[in-house]
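Numbered according to mature numbering (1 follows the signal peptide of the UniProt record, and there is no 0), the sequence shown spans residues -18 to -1, 1 to 91. Worksheet: the structure to be examined is printed underneath.
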Amino acid sequence: MEKLLALIFFGYISVVCSISCKDQNNKDVDWFITYKMPKQADSSPPGIANGVGFYYMDSNLAGDLKPSTNDLSSSDQAVAYTLQQYYSQQSNSDLFHVMYNDEMKHLGY
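Pasting the structure below:
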């Protein structure tokens, strides 16, 4: 009986938990890494001059971080695709989330 209840419970969780990491083409991936570059005069990759350029790698890509063809202000890149799943379900009371940011709050002085 306990095994049956566990199977039902975990089956329910896997159906409810529909948020996953997305790659640069909006396909599911196990993980991805982004490295946001500081604002620089260099114009490659896109967005570097404006401070929104980044490098990207995911579980399906072998090797090093690669420059993203779209910058962080675009909705057509992995971070936006991944977060859009959350933003489109914000009113869902069944969705539990934790977000973390290690950037200090700018105090304006």
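Beta carbons: idealized from backbone N, C-alpha and C, even for Gly.
For the pair Leu47 and Tyr63, the CB atoms are not nearer than the 7 Å cut-off. In this structure, the alpha-carbon of Pro27 lies about 6 Å from that of Gly35.
According to the DSSP secondary-structure assignment, Pro49 is paired through a beta bridge with Tyr37.
According to the DSSP assignment, Tyr69 belongs to the alpha helix (DSSP H) that extends over 60 to 69. Closest by C-alpha distance to Lys9, out of Gly29, Gln59, His88, Lys87, is Gln59. When rounded, the separation of the alpha-carbon atoms in Phe78 and Trp13 is 19 Å.
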